[in-house]
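A.B. asks: To start, I am sharing the structure in question, which I have written as structure tokens.
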Amino acid sequence: MKNILSTAFLALLIMGCKEAKKETTEAVEEMEEAVEMTSDNEWTMIFDGESFNGWHEYLKEGVSENWKIEDGAMVLYPPETRENGSQFNLVSDTDYTDFVLSMDWKISEGGNSGVMWGVMEMEDLGQPYLTGPEVQVLDNEGHPDGKNGTSHQSGALYDMVSPSDDVTKPIGEWNNMVITINHKTNEGNVVLNGVEVVSFPVQGQEWQDMVSKSKFADWEHFGKHPTGKIALQDHGNQVAFKNIKIKEL
1 MKNILSTAFL ALLIMGCKEA KKETTEAVEE MEEAVEMTSD NEWTMIFDGE SFNGWHEYLK
61 EGVSENWKIE DGAMVLYPPE TRENGSQFNL VSDTDYTDFV LSMDWKISEG GNSGVMWGVM
121 EMEDLGQPYL TGPEVQVLDN EGHPDGKNGT SHQSGALYDM VSPSDDVTKP IGEWNNMVIT
181 INHKTNEGNV VLNGVEVVSF PVQGQEWQDM VSKSKFADWE HFGKHPTGKI ALQDHGNQVA
241 FKNIKIKEL
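Residue numbers for the sequence shown follow our numbering, beginning at 1 and rising by one.
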């Protein structure tokens with residue numbers, strides 16, 4: 001009987017050790033996976049979903065009541081009337097040069113907006129689009145600009161490069177957009193709802209040639225600043241942005 005009990009105890013001890021080893025191995029694997037994800041995933045959230053920390057209105061301090069935080073998104077409610085041509089474009093506090101920018105956006109029916117980079121705040125320039133190239137955000141069917149050529153439609157490098165296809169979601173649904181700007185490799189692209197719709201150079205002769213054939217040809221400061229702010233455009237229509245994150249390259 002004593003031998004039987006000893007054998008049973010030994011078996012239980014071995015099983016317990018194996019289980020503990022298994023749990024330890026799993027814990028180590030989970031930790032290694034977490035470390036790997038952290039090292040590979042260098043995204044920085046630049047909108048916390050709860051406040052406008054890290055953002056301000058162009059050439060202003062802080063953010064006006066025209067922007068609201070709703071369900072983890074920043075939403076622009078433009079005024080029906082504007083005093084002295086007031087604008088409520090939102091810009092990042094931080095300047096960026098080479099990056100991958102990811103966000104979700106939702107445009108109102110008949111709405112127009114955009115996302116810009118390389119934006120400089122200059123007192124004599126009243127709009128961020130005077131310096132920053134724009135990726136279009138638009139109700140392609142409901143806004144007149146959607147009929148002004150495909151280089152004015154959602155996902156386009158505005159007035160320069162047309163999207164390969166219209167992959168926008170129906171009005172009222174969220175679209176995911178990822179913009180890559182890399183001066184080191186002279187590459188830019190836009191991925192809209194998982195589809196790369198636009199690619200383009202970001203500097204040099206090819207870039208200059210694109211600009212020369214656009215409405216921006218004679219704009220002194222347009223696209224001239226590799227380092228600048230990210231801007232979310234007030235174009236007079238309701239628009240919402242969320243899950244805004246950036247990975248610097």
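In this text, a Cβ means the ideal position worked out from N, Cα and C, and glycines have one as well.
Here the structure is a predicted model, which is why all the values come from computation and not from measurement.
Given a cut-off of 9 angstroms, decide if valine 239 and lysine 106 are closer than it, judged by their beta-carbon atoms.
C.D. replies: In contact: lysine 106 and valine 239 (Cβ atoms closer than 9 angstroms).
A.B. asks: Inspect the beta-carbon positions of glutamate 109 and glycine 142 and report whether they are closer than 9 angstroms.
C.D. replies: Result yes, Cβ atoms of glutamate 109 and glycine 142 sit closer than 9 angstroms.
A.B. asks: By how many angstroms is the C-alpha of glycine 118 removed from the C-alpha of leucine 138?
C.D. replies: C-alpha separation (whole angstroms): 21 angstroms.
A.B. asks: Buried or exposed, going by whether 16 or more other CB atoms sit within 10 Å of the CB of isoleucine 244?
C.D. replies: With 16 or more Cβ atoms within 10 Å of its Cβ, isoleucine 244 is classed as buried.
A.B. asks: For the 8 angstroms Cβ check, are there 3 or more pairs between the segment 204 to 223 and the segment 74 to 84?
C.D. replies: The answer is no - the segment 74 to 84 does not touch the segment 204 to 223, with fewer than three Cβ pairs under 8 angstroms.
A.B. asks: When the Cα of leucine 59 is compared with those of Ile69, Ser113, Ser51 and Val91, which residue comes out closest?
C.D. replies: Answer by Cα proximity: Val91.
A.B. asks: Any chance you could list the beta strand (DSSP E) runs of at least 3 consecutive residues sitting entirely within the segment 145 to 226, in chain order?
C.D. replies: DSSP runs (the beta strand (DSSP E)) wholly in the segment 145 to 226: 175 to 182, 187 to 192 and 195 to 200.
A.B. asks: Under three-state DSSP, which class holds tyrosine 129?
C.D. replies: Three-state result, tyrosine 129: helix.
A.B. asks: I need the straight-line Cα distance from glutamate 57 to threonine 94, nearest angstrom please.
C.D. replies: Their Cα atoms are separated by approximately 13 angstroms.
A.B. asks: From Lys229, Leu157 and Val167, pick the residue whose C-alpha is nearest to that of serine 214; which is it?
C.D. replies: Nearest of Lys229, Leu157 and Val167 to serine 214, Cα basis: Leu157.
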